[in-house]
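Residue numbers (our numbering), protein chains in the order written: chain G, 36 to 319; chain W, 282 to 682.
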């Protein structure tokens with residue numbers, strides 16, 4: 036049971052980290068609390084439903100196409116909507132909330148109100164005796180690790196990634212250094228949305244798709260980011276792992292109802308000691 | 282150029298919002314050429330989960346009520362106390378969220394001025410709505426599994442569907458007789474009023490029948506990853522996984538994940554099933570799912586109704602529509618018999634109605650013994666089972682009070 040809980044926890048962690056990474060990156064660079072993040076997760080799931088299930092595209096290609104399409108849609112929204120409100124955090128937050136409500140309702144109009152499902156492309160499971168893991172769960176963990184490594188190298192080694200860090204620290208100084216801040220913000224928003232859509236598409240074969248799935252995903256991302264520290268990339272990583280494993284072990288050994296309660300108590304206690312989360316910066 | 286794009290986008294946004302609002306609030310004026318166009322209008326309210334994981338329960342509610350209204354309007358409307366009424370429906374989507382249901386009830390009662398409401402589904406929403414409807418003498422006909430829904434202190438609430446308090450023992454008896462080796466039951470129920478209530482009643486019935494309850498888990502509603510819960514549950518080696526109020530979409534997901542973890546036992550539910558939705562999600566994984574079927578969808582009366590009014594609806598969400606259709610017809614009959622729209626008088630008539638001929642069978646209001654007042658609908662228990670990928674009626678049982 037211990038090993039099975041570890042596998043379950045790693046799958047949960049993978050999804051939480053992907054969601055939280057985009058969410059925290061958008062906040063870190065643009066100072067936007069993106070309340071529409073869950074809806075982009077939902078759009079990613081629907082994009083996969085259509086590309087893979089309806090149009091029978093190759094599964095891997097369908098995930099990539101879904102994430103990229105929704106990421107581009109995110110860039111478009113940043114350019115024509117979010118950018119217009121500048122750095123007014125309150126206005127941007129309200130706009131994000133509006134986009135969330137709009138996209139959810141648009142989803143209901145376009146895709147119908149009911150739940151849809153996709154069969155996992157890889158059936159069956161690997162039974163190691165002490166633990167069994169479905170091939171698709173294994174796929175989720177591996178793909179998530181690959182995406183995380185790619186993201187790490189993007190931030191640490193590539194110029195655009197370095198520009199992300201510069202803009203997140205100080206927009207004016209970054210601008211003086213020749214960085215096109217507007218462009219960087221648009222790319223950052225697009226990548227954040229791409230990660231949300233990627234998470235939505237990746238887990239759809241395990242779960243279900245409906246226009247209302249975004250709220251739960253957003254809540255999980257929010258919890259992870261609050262724990263890890265709003266705006267901290269490493270915080271999102273550790274927060275996702277801690278929440279994913281905690282939820283799995285607490286549910287398995289104590290109970291589902293008690294698990295959520297204990298997680299909230301854990302976060303509340305931690306925030307008392309570290310108000311900015313595990314790796315969040317301190318506001319002076 | 283950018284301004285043009287902005288204006289276009291805002292225009293699209295407005296169109297989208299208007300369409301979306303229309304989706305969440307459906308106001309219908311049903312009927313054909315024989316409609317009574319000169320008479321009064323009687324507005325009926327509806328609140329239910331018309332989107333999301335519980336839409337498999339909410340859409341049949343909407344479809345059933347609409348079909349009954351359509352039929353009445355086509356036949357010239359309702360004759361109540363010498364006045365002819367054309368019936369219109371005002372519907373709100375609560376997404377199976379208690380707060381949303383209360384907001385919708387507020388809107389229906391205080392803004393729309395409605396005195397009769399169908400729905401919502403689920404205890405948390407219904408209990409919240411009752412704080413508004415009972416005080417304002419609005420007649421509420423919901424479907425929830427909580428025992429607090431029906432009581433002598435709530436004379437304006439009539440529960441439209443039987444709960445597992447009525448049929449749970451019969452379902453358990455069927456499983457006990459047909460699968461005598463299946464003795465260990467693990468419950469998975471949502472962590473809310475409905476889930477706890479359904480689970481408690483079901484456990485009492487199953488223990489009385491000799492089953493052993495080996496696990497009781499209460500994950501939050503809208504859970505998508507059941508693996509941690511299932512890992513714990515499957516460690517107890519159950520013969521049956523019983524859902525207590527879990528929505529159809531989530532049941533389907535949980536079935537898929539349970540089979541992926543190697544579970545090969547039975548599934549059952551002590552709440553409404555919505556078989557077509559479960560099958561669309563779980564497919565072969567839903568095999569040997571035993572459920573309370575509400576109605577025989579192949580019955581000639583049901584097929585006749587579907588042929589007449591069901592064409593415009595999504596077929597997979599018609600499952601419990603005939604039950605709602607029956608209750609609406611019953612309410613209309615009570616209104617006509619009373620000769621008044623006074624909710625106190627109509628409630629009294631309704632309470633005393635016995636053996637009403639519905640398409641789902643003979644319907645009566647009972648509940649004196651369990652709840653202290655006759656405001657609980659009762660009819661025979663139809664047991665279904667998924668066999669070879671299809672829902673099959675396997676037994677019909679009379680409820681022993």
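Idealized CB from N, CA, C, for every residue including glycine. All of these numbers come straight from a predicted model, not from anything done at the bench.
Coil, strand or helix - residue i by DSSP
i	result
residue 312 of chain W	In this prediction, residue 312 of chain W scores a pLDDT of 40, lower than 50, which makes its location untrustworthy; no coordinate-derived value is stated.
residue 66 of chain G	coil
residue 423 of chain W	strand
residue 482 of chain W	helix
residue 218 of chain G	helix
residue 191 of chain G	helix
residue 397 of chain W	strand
residue 121 of chain G	coil
residue 571 of chain W	strand
residue 467 of chain W	strand
residue 223 of chain G	helix
residue 495 of chain W	strand
residue 676 of chain W	strand
residue 647 of chain W	strand
residue 109 of chain G	helix
residue 665 of chain W	strand
residue 657 of chain W	strand
residue 642 of chain W	strand
Outcome for residue i when other beta-carbon atoms lying within 10 angstroms are tallied against a minimum of 16
i	result
residue 204 of chain G	exposed
residue 308 of chain G	exposed
residue 311 of chain W	Caution applies to residue 311 of chain W, whose pLDDT of 45 falls short of 50 and renders its modelled position unreliable; the value that the coordinates give is listed next. It counts as buried.
residue 163 of chain G	exposed
residue 581 of chain W	exposed
residue 87 of chain G	buried
residue 282 of chain G	buried
residue 280 of chain W	Examination of residue 280 of chain W is not possible in this model, given that chain W is present from 282 through 682 alone.
residue 496 of chain W	buried
residue 215 of chain G	exposed
residue 458 of chain W	exposed
residue 288 of chain W	Because residue 288 of chain W carries a pLDDT of 47, less than 50, the predicted location of this residue cannot be relied on, and the following value inherits that uncertainty. By the neighbour-count rule (16 or more Cβ atoms within 10 Å), residue 288 of chain W is not buried but exposed.
residue 193 of chain G	exposed
residue 23 of chain G	The displayed coordinates of chain G run from 36 to 319. Any statement about residue 23 of chain G would go beyond what the structure contains.
residue 494 of chain W	buried
residue 439 of chain W	buried
residue 304 of chain G	exposed
residue 83 of chain G	buried
residue 410 of chain W	buried
residue 69 of chain G	buried
residue 172 of chain G	buried
residue 670 of chain W	exposed
heavy atom of the ligand SAM below 7 angstroms from residue i C-beta
i	result
residue 188 of chain G	Ligands are entirely absent from the displayed structure, and the ligand SAM is therefore not among its contents.
**Message:** Does the structure place the stretch 435–448 of chain W close enough to the stretch 412–427 of chain W that three or more beta carbon pairs sit under 8 angstroms?
**Reply:** yes
**Item:** Positions along the stretch 365–383 of chain W whose CB lies within less than 8 angstroms of some CB in chain G
**Value:** 374, 376
**Prompt:** How about the stretch 63–78 of chain G and the stretch 126–145 of chain G: do they share at least three Cβ pairs that are nearer than 8 angstroms?
**Reply:** Segments in contact, yes.
**Request:** Note down, in chain order, all residues in the stretch 560–584 of chain W with a beta-carbon under 7 angstroms from any beta-carbon belonging to chain G.
**Result:** 561, 562
**Prompt:** If you measure beta-carbon to beta-carbon, which residues of the stretch 492–519 of chain W are closer than 7 angstroms to chain G?
**Reply:** For the stretch 492–519 of chain W, residues whose beta-carbon sits nearer than 7 angstroms to a beta-carbon of chain G comprise 498, 499, 500, 501, 503, 505, 506, 508, 509, 510, 512, 513, 516.
**Asked** Is there contact here, the stretch 613–620 of chain W with the stretch 386–394 of chain W, by at least three beta-carbon pairs under 8 angstroms?
**Response** no
**Item:** Length at least 3, wholly inside the stretch 133–167 of chain G: the beta strand (DSSP E) runs in chain order
**Value:** You should have 160–162.
**Prompt:** Hey, which unbroken runs of the alpha helix (DSSP H) at 4 residues or more fall wholly within the stretch 539–567 of chain W?
**Reply:** If we require 4 residues or more, the alpha helix (DSSP H) runs fully inside the stretch 539–567 of chain W come out as 556–563.
**Message:** Please identify, using Cβ separations under 9 angstroms, the residues of the stretch 532–558 of chain W that lie next to chain G, in order along the chain.
**Reply:** Listed by position along the chain: 533, 534, 537, 538, 541, 542, 543, 558.
**Request:** Note down, one range per segment and in chain order, each beta strand (DSSP E) of at least 3 residues found wholly within the stretch 39–92 of chain G.
**Result:** none
**Request:** Decide yes or no for the touch test of the stretch 594–607 of chain W against the stretch 622–629 of chain W: beta carbon pairs closer than 8 angstroms, at least 3 of them.
**Result:** no
**Item:** Entirely enclosed beta strand (DSSP E) segments - the stretch 594–629 of chain W, minimum 3 residues
**Value:** none
**Item:** Short-range partners of chain G found in the stretch 404–422 of chain W, where Cβ spacing is below 9 angstroms
**Value:** Residues of the stretch 404–422 of chain W with a C-beta less than 9 angstroms from any C-beta of chain G: none at all.
**Request:** Scan the stretch 45–58 of chain G for residues whose Cβ lies nearer than 9 angstroms to a Cβ of chain W and list them as they occur along the chain.
**Result:** 46, 47, 50
**Request:** Could you tell me whether the stretch 324–331 of chain W touches the stretch 356–375 of chain W, where touching means 3 or more Cβ pairs closer than 8 angstroms?
**Result:** yes
**Request:** Spell out a yes or no on whether the stretch 54–74 of chain G and the stretch 261–269 of chain G are touching, meaning 3 or more CB-CB pairs, one atom from each, closer than 8 angstroms.
**Result:** The count of Cβ pairs closer than 8 angstroms, one atom from the stretch 54–74 of chain G and one from the stretch 261–269 of chain G, reaches three, so the stretches are in contact.
**Message:** Check whether the stretch 509–529 of chain W and the stretch 548–565 of chain W are in contact - that is, three or more C-beta pairs closer than 8 angstroms.
**Reply:** The answer is yes - the stretch 548–565 of chain W touches the stretch 509–529 of chain W, with three or more Cβ pairs under 8 angstroms.
**Contacting positions in the stretch 138–153 of chain G - beta carbon closer than 7 angstroms to chain W** = 140, 141, 143, 144, 148, 149, 150, 152
**Message:** Tell me whether the stretch 491–509 of chain W and the stretch 37–53 of chain G touch, counting them as touching only if at least three CB pairs, one residue from each stretch, are closer than 8 angstroms.
**Reply:** Counting Cβ pairs under 8 angstroms, three or more are found: they touch.
**Asked** Which full runs of the alpha helix (DSSP H) of 4+ residues lie inside the stretch 311–378 of chain W, going along the chain?
**Response** Counting whole runs of 4 or more residues, the stretch 311–378 of chain W contains the alpha helix (DSSP H) stretches 336–355.
**Message:** Assess contact between the stretch 401–419 of chain W and the stretch 335–350 of chain W, defined as three or more Cβ pairs (one per stretch) separated by less than 8 angstroms. Is contact present?
**Reply:** yes
**Request:** Pull out every residue of the stretch 335–356 of chain W whose Cβ sits closer than 8 angstroms to any Cβ of chain G, in chain order.
**Result:** Hits within the stretch, in order: 336, 337, 340.
**Prompt:** According to a CB-to-CB cut-off of less than 8 angstroms, which residues of the stretch 289–302 of chain G neighbour chain W?
**Reply:** 290, 291, 292, 294, 295
**Item:** Short-range partners of chain G found in the stretch 461–483 of chain W, where Cβ spacing is below 9 angstroms
**Value:** 469, 472
**Asked** Can you list, in chain order, the residues of the stretch 236–257 of chain G whose Cβ is nearer than 8 angstroms to any Cβ on chain W?
**Response** For the stretch 236–257 of chain G, which is checked against every Cβ of chain W, the residues closer than 8 angstroms are 238, 241, 242, 243, 245, 246, 247, 248, 250, 251.
**Item:** the stretch 511–528 of chain W / the stretch 480–490 of chain W touching (three or more Cβ pairs under 8 angstroms)
**Value:** yes
**Request:** Count the CB pairs spanning the stretch 659–666 of chain W and the stretch 569–589 of chain W that are closer than 8 angstroms, and state whether there are at least three.
**Result:** yes
**Item:** Runs of alpha helix (DSSP H) lying entirely within the stretch 238–264 of chain G, each at least 4 residues, in chain order
**Value:** 249–263
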